[in-house]
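Student: The structure follows.
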Amino acid sequence: MWPPKCSVAKKIPLMPPEKLEIFKSLDGWASRCVLPMLKPVEQCWQPQSLLPDSSLPLEEFMDEVKALRESTKELPDEYLVVLVGDMVTEEALPTYHSIMTSMEGMKDEPGKSPNPWAAWTRGWTAEENRHGDLLRTYLYLSGRVDMRMVDKTIHYLIAAGMDHGFGNNPYLGFVYTSFQERATFVAHGNTARLAKEGGDPVLARICGTIAADEKRHGNVYSRVVEKLLEVDPSDAMVAIGDMMEKKITMPAHLMYDGEDPRLFEHFSAVAQRTSVYTANDYADILESLIRQWRLEKLEGLTAEGKRAQDFVCGLAPRIRKLQELAGERARKIKPCAVKFSWIFNKELVL
Ligand SMILES: [Fe+2]
Ligand SMILES: [Fe+2]
C-alpha cells in the first residue's frame, strides 16, 4: 500500500505546552523574517490587470472577451478539467484561513491580533484570494465550463472542510504547508506550460503569475520548518516523519459536485495523465525538501527523531518504486470513460 508505513511512534497532533513555548519564542524572528515576505499591496498584481477590462466601452470590452474566447477555444477538455480542479482548490480559501488561524501560537483571536503569525496568515490569505478570483473569472468568460456545476463544487467543498491530519500543531502544519505550496507551484507551473502549448499565452501568464506567488509562499513555509529544525531538531524531525507517514493529502480531497462521489480521484487521474501533478512530482518535492532541510545530515537526534530521519530520507525511492508498480497495474486495467459535470458532462477516458 502507498504510502509505506514507518515506525515513528510518537504522534503530536495536539500541541504540548512546552512545544508552544518553543514556537512562541520564534515570534520575534517571524516579525523580522516571515512578515517581510508578504508583498506590499501596491506592488501586487490584481486580477483585473490580467482580464478583459470591464471599464472599457461595451464594444471594446466585448472585443477583449471575444479574443479571450478565441484563445481558449482549442484548449483540450482534459486541460479544462485540471484547471477547474485547481481553481476549485484555490476557492476553498476560507477553509485554509480558518485552519491556519486555529493552530496553537497562530490564533487571530480578536480578528486583528498583532501576533506576527496571525498577521502573516491575514496577508497570505489576501494574496491567495486573488488566485481563485482570477481563475474563476477567466473560466467564466471562456464559456468552456459549466459554471453552475463548478460553483456548486466550490460550495460543497467549503462546506465539507478538510481533513488535514495536523490538528492544531504548527510543527505539523508548517511541514504540510511547505509541501503543499510547493505542490501548488508545480501544478500551476505545468498548467502555464500547457496553456502556452495550447495556444493561450494570456492563460499561460495567469497560471505563471499564480505559480510565482505559490513559490514565494512555499519558500516561507519551508524556511519556518528550517527554523524549527534549528531550535528543536528532534521534534521537528518527528513532525516531518509524522506528516510524511500520513501522506500529504491535497487540500481539495473532499471535492464533490453533487454527482460524482469520486470526483477528486477522477480529477487527480486527469492531473496525473496530463502531467500537471504526478506521484513523481510528490517524490521530487520530498527530495527537494530533504535537501533544503539537510535532513540526512541532522545529528544528535533522539531515538525517535533518528527513526523519523531514516524513514523520511528513504521514502522518495520507495514512492517512485510503488508508483512504477501502480503504473504497470493501471496499464493492465481497461480504460474507462468518466463524465465530468464541469465540462457539460463530456466524457474523458481514464
Ligand atoms: Fe493559491
Ligand atoms: Fe498557495
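Here our numbering runs 7 ahead of the position in the sequence shown, where the first position is 1.
Quick reminder that beta carbons are idealized off the backbone N, C-alpha and C, glycines included.
#1: Tell me whether residue 353 sits in a helix, a strand or coil according to DSSP, three-state version.
#2: Taking the DSSP output, what are the residues bridged to residue 222?
#3: Report, in whole angstroms, the separation of the C-beta atoms of residue 159 and residue 264, which I expect to be a contact under 8 angstroms.
#4: Figure out for me which residue from 112, 261, 104, 90 has the closest Cα to the Cα of residue 32.
#5: Say yes only if the C-beta of residue 217 is nearer than 7 angstroms to one or more non-hydrogen atoms of ligand 1, and no if none qualify.
#6: For residue 241, collect the residues of the same chain with a Cβ closer than 6 angstroms to its Cβ; drop the 5 residues on either side in sequence, then sort them by chain order.
#7: Name the residue from 299, 247, 187 whose alpha carbon lies nearest to the alpha carbon of residue 314.
#8: Please report the straight-line C-alpha distance between residue 19 and residue 290, rounded to a whole angstrom.
#9: Please report how far the alpha carbon of residue 152 lies from the alpha carbon of residue 23, in whole angstroms.
#10: Look up residue 341 in the DSSP assignment and say whether it is helix, strand or coil.
#11: Taking only runs of the alpha helix (DSSP H) that begin and end inside the region 122–207, which ones reach a length of at least 4 residues, in chain order?
#12: I want to check one thing, is the minimum distance from the CB of residue 144 to the heavy atoms of ligand 1 below 7 angstroms?
#13: Could you please give me the residues that DSSP links to residue 346 through a beta bridge?
#14: Along the chain, where does the alpha helix (DSSP H) containing residue 321 start, and where does it finish?
#15: Pull up the distance between the alpha-carbon of residue 2 and that of residue 228, whole angstroms please.
#16: Quick one: is the Cβ of residue 221 within less than 7 angstroms of any heavy atom of ligand 1?
#17: Starting from residue 104, trace the alpha helix (DSSP H) both ways and give me its first and last residue.
#18: Between residue 224 and ligand 2, is there a pair consisting of the residue's CB and a ligand heavy atom that are separated by less than 7 angstroms?
#19: Going by beta carbon distance, what residues of the same chain come within less than 8 angstroms of residue 226, once the five residues before and after it are set aside?
#20: Tell me the DSSP secondary structure of residue 273 in three-state form.
Tutor: The answer reads as follows:
#1: strand
#2: Bridge partners of residue 222: none, in fact.
#3: 6 angstroms
#4: 112
#5: yes
#6: 308, 309, 312
#7: 247
#8: Note that residue 19 scores 48 on pLDDT, short of 50, meaning its location in the model is unreliable; the coordinates nonetheless yield the value given after this. Taking the straight line from one Cα to the other gives about 24 angstroms.
#9: 47 angstroms
#10: coil
#11: 123–149, 154–167, 177–204
#12: no
#13: 354
#14: Note, residue 321: premise wrong, no alpha helix (DSSP H); not H, not E.
#15: Examination of residue 2 is not possible in this model, given that the chain is present from 8 through 357 alone.
#16: yes
#17: 100–107
#18: yes
#19: 44
#20: helix
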